[in-house]
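Everything on this sheet refers to the single structure shown next.
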Amino acid sequence: MSSKIEVQRICQYCEQEFTARTTVTKYCSHKCASRAYKDRTRKKKIQKSNAETTQIIKQPIEIVKAKEFLTVREVAQLLNCSIRSAYYYIKSGTISAVNLGERMTRVKRSEIDKLFKDN
Ligand SMILES: [Zn+2]
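At position 65 of the sequence shown (counting the first as 1) the number is 68 in the working numbering, and the numbers step up by one without a gap.
Next comes the structure, spelled out in structure tokens:
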């Protein structure tokens, strides 16, 4: 069995044509491979840093507002009241909620908006 295959490939880093011995070789040289690796690592670092920045900028309340279904804790956050009060409003029927199970009470975001519509 011979492994002496030669394929013409384009280096994914320097974009020069080169002769590869396998069909999966991506780079013409070790130099290009390590440079490409460095590039990838740098990009990942930048991405991670950007993601962290976005997370800091976004206030939790904005995330809550964007949700369609809210937990009781989030309802309390939106209404600026205590969790106990939120539970009271749900129990008294002021806020319609669905109880999916223990600690799985969910309130539709639109139910919160409804509270303020008639006023
Ligand atoms: Zn190359």
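The C-beta atom is built at its ideal place from N, Cα and C for all residues, glycine as well.
Does DSSP classify residue 53 as helix, strand or coil?
helix
How is residue 23 classed by DSSP in three states: helix, strand or coil?
strand
Just to be sure I understand the criterion: a residue counts if its Cβ is closer than 6 Å to at least one heavy atom of ligand 1. Which residues meet that?
14, 16, 17, 19, 30, 31, 32 and 35
Give the secondary structure of residue 11 by DSSP, where H, G and I count as helix, E and B as strand, and everything else as coil.
strand
Answer yes if the segment 76-88 comes into contact with the segment 36-43, meaning at least three C-beta pairs across the two stretches below 8 Å, and no otherwise.
With the rule of 3 Cβ pairs closer than 8 Å, the segment 36-43 does not count as touching the segment 76-88.
In the DSSP output, what is residue 78 paired with across the bridge?
Partner(s): none; residue 78 has no beta bridge.
Per the DSSP calculation, residue 73 is bridged to which residue(s)?
Note: residue 73 sits in a beta bridge opposite 110.
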